[in-house]
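Student: In the numbering used here, the protein residues as written are 7 to 133. No residue lacks a Cβ here, since even glycine has one placed at the ideal position from N, Cα and C.
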């Protein structure tokens with residue numbers, strides 16, 4: 007699909023392939039956390055913002071728009087006053103959430119070892 011447009015599969019090693027843009031988004035910490043939070047079920051914007059402590063309203067909106075654009079998140083608007091917006095994973099987003107949740111769990115499980123390695127490295131380098 008990239009260098010050879012007739013191919014149906016991307017090639018992330020091809021610098022012209024849009025796969026790189028998708029990987030850039032998937033590798034973003036907010037994307038990982040949004041996908042994990044939405045994996046628990048549909049969530050309203052403000053509830054999602056509370057769940058993701060430290061994310062700005064602007065960053066959450068941008069992350070959700072990008073995920074929606076890529077077909078990973080569905081946005082549902084309810085005609086209430088004020089308007090209520092709910093976000094959920096699409097089937098494609100659910101499959102991705104399974105994988106990135108494994109990454110998040112791995113990071114949580116091994117953070118002690120990583121912090122220890124950083125301390126050791128920094129001590130050797132005089133940081």
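So, with DSSP's three-state summary, where would you put residue 15?
Tutor: Here residue 15 sits in coil by DSSP.
Student: Look up residue 50 in the DSSP assignment and give the residues it is bridged to.
Tutor: DSSP output for residue 50 lists 92 as bridge partner(s).
Student: Which first and last residues belong to the beta strand (DSSP E) in which residue 80 is found?
Tutor: Segment 79-84, the beta strand (DSSP E) holding residue 80.
Student: Please classify residue 99 as buried or exposed, where buried requires at least 16 neighbouring CB atoms within 10 angstroms.
Tutor: Buried, by the Cβ-count rule.
Student: In three-state DSSP terms, what is residue 87?
Tutor: It is coil, neither helix nor strand.
Student: Which whole-angstrom value is the C-beta distance of residue 136 and residue 18, which I expect to be below 8 Å?
Tutor: Beyond the ends of the chain as shown, which are 7 and 133, falls residue 136; an answer cannot be given.
Student: Reducing DSSP to helix, strand and coil, say where residue 62 ends up.
Tutor: Coil.
Student: Select from 47, 37, 60 and 85 the residue whose C-alpha is nearest the C-alpha of residue 68.
Tutor: That would be 37, whose Cα lies nearest to the Cα of residue 68.
Student: Only counting the same chain, and skipping five residues up and downstream in sequence, which positions put a Cβ closer than 6 Å to that of residue 73?
Tutor: Excluding positions up to five away in sequence, the list reads 79.
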